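Okay, structure first, notes after.
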Ligand SMILES: [Zn+2]
């Protein structure tokens, strides 16, 4: 059955076209799977957004794509990302992953270990310790600090430099596919790195 594109899909595609999908913690393949379309039709949809900006030659874009482009293409990255994460059912429904990331962020805030996380990233040279990904965008590194041995919800075990590790958004997301999180060697093996 052909996929019926929704406004949420197109907002997600617009985000990917403008900002990529690293910061969503997803690859293009994962996005295609979530939406339920082939990688090819996702690329085609992205090309339509490009065409609306006068790039490339696609001309057959849907009215919905035009409307979404007109309404949302001037939003800044963070705002558009919030919109995507709060509205797309395939992402909103993925509670375990998003929740894991949020919980961790909260933990860091609660225990004031942001400084420790900062130091860990510095030591790891802002590079993902699983896959080697390193990207700086407008002076900010696109990396996360992950707690290898996360605090139990009520626990007060202290993060130390040794139980923190720098991960890229993709590896971080993969780590939280289960609880307790997957270990770096498991993520490496899942991603077929170094085998
Ligand atoms: Zn990585």
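Numbering (our numbering), first residue to last: 23 to 217. Quick reminder that beta carbons are idealized off the backbone N, C-alpha and C, glycines included. Since this is a predicted model, take the numbers as computed values, not measurements.
Rounded to whole angstroms, residue 45 and residue 202 show a C-alpha spacing of 22 Å. The Cβ-Cβ distance between residue 87 and residue 109 does not fall below 9 Å.
Considering only 81, 181, 55, 73, the residue with the shortest C-alpha distance to residue 36 is 73. Between residue 112 and residue 195, the C-beta gap is not smaller than 9 Å, which leaves the two residues out of contact. Taking C-alpha positions only, residue 145 is separated from residue 27 by approximately 44 Å. Membership of residue 53 in any beta strand (DSSP E) is not indicated; the residue belongs instead to the alpha helix (DSSP H) covering 50-57. Contact check for residue 186 against residue 168 passes: the beta carbons are separated by less than 9 Å.
In the three-state scheme derived from DSSP, where H, G and I count as helix and E and B as strand, residue 79 is classed as coil. Secondary structure of residue 187 (DSSP, three-state): strand. The beta carbons of residue 193 and residue 206 sit closer together than 9 Å.
Beta bridge pairing from DSSP links residue 162 with 159. In the DSSP assignment, the residues bridged to residue 168 are 187. Taking C-beta atoms as the reference points, residue 32 and residue 90 count as a pair closer than 9 Å. Under the three-state reduction of DSSP output, residue 213 falls in the coil class, being neither helix nor strand.
If you look at residue 148, you'll find it isn't in any alpha helix (DSSP H); DSSP assigns it neither H nor E.
The beta carbon of residue 142 is closer than 8 Å to those of 167, 183, 186, 187, 188 in its chain, skipping five residues each way along the sequence.
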